[in-house]
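Engineer: Before anything else, here's the structure in question.
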Ligand code: DUC
Ligand code: ZN
Ligand code: ZN
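This is the structure:
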């Protein structure tokens, strides 16, 4: 039998199994996995390499205008960062402006992404304005393959929705099969704390964290869980950072409620103490929710083990420190922490940071695949096309060299951000090759595929 390509002798790791096998690829799809006669096919020898399904990052912000700045990464550089880091699919956030139709917001994000992405991409829709008359627009989005909606309980006056709006959106997903993704922080209380800190002359980056306490996240998480319960629908929490918020998720799941949550590598590997770095360095870590005090990360690792957390995404939202190419940077907040654009890069480092946890014995290799690919694919309507290495799935495959190490540095990353939050950190493993729908996109340090191969993915509604 002749195939377009056969990857020979790989250690295949899926969410459920690990085994030695060859992977045959035909017309961009996986044709077979097992012992394959590859005599008449082009082959790549993957002896000693781990083969996993391409990473799926369900939380990126490419080309996002926010807080007077725009992210350093657009779809070109953001998707290049993704593919070099072993992520082959991203789900980015389209943003509705106040008074704008959801369709208009979606068109804007299609324009930003079309013909510029090295990875396959889909969209969630950030909803900021949802009177009853607009709810049917959510149904139309689901039909277009945009089957999830992010709502904010933070950022009053910018993104924040009140409880009535949240309840309205949740209720609508009962009809249309969409999923509400919640940014859970009590924005009203945080604003009061921020104003008080500024009035007291507290302007340094660390006050970003000190004015967004864990209980502001836990309270909002509890409230959103109650609203989802009243509406009788599932809910998904984005970028869960606080152990106390995780306790709320765990309790709800124990009660039998369909509550899901992701955390991000920054909450597992970085901490509040990073805000206390000298000078303005702490601004690199200004994101919302903020990094939490050391010790909190142990609660999150436990949540990943117990499946109270089902996904690790990144919230990649890369602002430069310094202004450049007409884009203001985090320096905007040099004299006022509340003006530092919130966000940090992460899409390029997620896979190896988590693989490092496998090498350290914190996660099994199967759980690593589940958290970074299979479970996000299932929760967001991409499975079984994405998130699994089995016949019929897209041939999105990452080969990891487990014998090598990688030192993370902005000097060699592909993001346009002028810093890396993990600068100098050495992690186990190296990305050897990345395939997107059968095309080898990355080989070591080189882009070997078309940088615009990425295509829009319509996602299925909840089944
Ligand atoms: N959090 C961030 O840090 N940036 C963008 C939006 C968000 O919720
Ligand atoms: Zn958010
Ligand atoms: Zn985000």
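In our numbering, the protein residues as written are 1049 to 1511.
Backbone N, C-alpha and C define an ideal beta-carbon position, used for all residues, glycine too.
Please read these numbers as outputs of a predicted model, since none were measured by experiment.
Does the distance from the C-beta atom of residue 1132 to that of residue 1396 stay below 8 Å?
Structural biologist: Contact flag set, yes.
Engineer: Does the pairing of the segment 1398-1409 with the segment 1162-1175 give three or more beta-carbon distances under 8 Å?
Structural biologist: Contact fails: fewer than three Cβ-Cβ distances are below 8 Å.
Engineer: Just to confirm before moving on: does the CB-CB distance between residue 1400 and residue 1362 stay below 8 Å?
Structural biologist: Against a cut-off of 8 Å, the Cβ pair of residue 1362 and residue 1400 comes out as no contact.
Engineer: Which runs of the beta strand (DSSP E) fall wholly inside the segment 1337-1403 and span at least 3 residues, in chain order?
Structural biologist: If we require 3 residues or more, the segment 1337-1403 turns out to have no beta strand (DSSP E) run fully inside it.
Engineer: Can you name, in chain order, every residue of its own chain whose Cβ lies under 7 Å from the Cβ of residue 1094, other than the five neighbours on each side?
Structural biologist: Hits under 7 Å: 1055, 1056, 1057, 1058, 1447.
Engineer: Could you pull out every unbroken beta strand (DSSP E) segment of at least 3 residues lying fully inside the segment 1216-1248, listed in chain order?
Structural biologist: Whole beta strand (DSSP E) segments, 3+ residues: 1227-1231.
Engineer: Residue 1429 by DSSP, collapsed to three states: which one?
Structural biologist: Here residue 1429 sits in coil by DSSP.
Engineer: I'd like the list of long-range same chain contacts for residue 1491, defined as Cβ closer than 7 Å, with 5 residues on each side in sequence excluded.
Structural biologist: Closer than 7 Å at the Cβ level, and outside the excluded window around residue 1491, lie 1481.
Engineer: Return yes when at least one heavy atom of ligand 3 lies under 7 Å from the C-beta of residue 1286, else no.
Structural biologist: Flag set: Cβ of residue 1286 near ligand 3.
Engineer: Need the endpoints of the alpha helix (DSSP H) that residue 1026 sits in, please.
Structural biologist: Residue coverage of the chain in this structure runs from 1049 to 1511, which leaves residue 1026 outside it and unanswerable.
Engineer: From the DSSP output, read off the bridge partner residues of residue 1172.
Structural biologist: DSSP lists 1141 as partners of residue 1172.
Engineer: Does the beta-carbon of residue 1231, which I'm using as the reference point, lie nearer than 7 Å to any heavy atom of ligand 2?
Structural biologist: Result yes, Cβ under 7 Å from ligand 2.
Engineer: Along the chain, where does the beta strand (DSSP E) that runs through residue 1454 open and close?
Structural biologist: Taken as a continuous stretch (DSSP letters only), the beta strand (DSSP E) holding residue 1454 covers 1445-1455.
Engineer: Apart from the five residues on each side of it in sequence, which residues of its chain come closer than 8 Å, Cβ to Cβ, to residue 1266?
Structural biologist: Once the five neighbours on either side are set aside, the close Cβ partners of residue 1266 are 1290, 1292, 1293, 1295, 1296.
Engineer: Consider the C-beta atom of residue 1234 and the heavy atoms of ligand 1; say whether any pair is separated by less than 7 Å.
Structural biologist: Incorrect: residue 1234 has no Cβ contact closer than 7 Å to ligand 1.
Engineer: Taking buried to mean at least 16 other C-beta atoms within 10 Å of its own C-beta, is residue 1373 buried or exposed?
Structural biologist: It is exposed - the Cβ of residue 1373 has fewer than 16 other Cβ atoms within 10 Å.
Engineer: Please name the residue in 1062, 1107, 1162 whose C-alpha comes closest to that of residue 1499.
Structural biologist: With distances taken between Cα atoms, residue 1499 lies closest to 1162.
Engineer: What alpha helix (DSSP H) runs, 4 residues minimum, are completely inside the segment 1117-1141?
Structural biologist: With a minimum length of 4 residues, the continuous alpha helix (DSSP H) runs that stay inside the segment 1117-1141 are 1123-1132.
Engineer: When you compare only the Cα positions, how much space is there between residue 1208 and residue 1146?
Structural biologist: Roughly 11 Å between the two C-alpha positions.
Engineer: Applying the criterion that 16 or more other CB atoms from any shown protein chain within 10 Å of the CB defines a buried residue, is residue 1333 buried or exposed?
Structural biologist: Label assigned to residue 1333: buried.
Engineer: May I have the straight-line CA-CA distance separating residue 1134 from residue 1220, to the nearest angstrom?
Structural biologist: In a straight line, the C-alpha of residue 1134 is about 35 Å away from that of residue 1220.
Engineer: Who are the near neighbours of residue 1217 in its chain, counting only those whose CB is closer than 8 Å to its CB and skipping five residues on each side?
Structural biologist: The residues are 1175, 1178, 1183, 1186, 1197, 1199, 1209, 1228.
Engineer: Give the secondary structure of residue 1101 by DSSP, where H, G and I count as helix, E and B as strand, and everything else as coil.
Structural biologist: Residue 1101: strand per DSSP, three-state reduction.
Engineer: Can you list, in chain order, the residues of its chain whose CB lies under 6 Å from that of residue 1418, leaving out five sequence neighbours each side?
Structural biologist: So the qualifying residues of the chain are 1063.
Engineer: On the DSSP letters alone, give me the boundaries of the alpha helix (DSSP H) that residue 1189 sits inside.
Structural biologist: Run containing residue 1189: 1183-1191, per the alpha helix (DSSP H) assignment.
Engineer: What is the residue span of the alpha helix (DSSP H) that residue 1152 lies within?
Structural biologist: Note, residue 1152: alpha helix (DSSP H), 1150-1161.
Engineer: Excluding the 5 residues preceding and the 5 following residue 1124 in the sequence, name in chain order all residues of the same chain whose CB lies nearer than 6 Å to its CB.
Structural biologist: The residues are 1164.
Engineer: Please tell me whether, using a cut-off of 7 Å, the distance from the CB of residue 1292 to the nearest non-hydrogen atom of ligand 3 is below it.
Structural biologist: No, the Cβ of residue 1292 stays beyond 7 Å of every heavy atom of ligand 3.
Engineer: Looking at residue 1369: is its Cβ nearer than 8 Å to the Cβ of residue 1466?
Structural biologist: The answer is yes: Cβ separation under 8 Å.
Engineer: Compute the beta-carbon to beta-carbon distance between residue 1315 and residue 1339, rounded to the nearest angstrom, for a pair I have assumed lies under 8 Å.
Structural biologist: Yes, they are in contact, since the Cβ atoms of residue 1315 and residue 1339 sit about 7 Å apart, within 8 Å.
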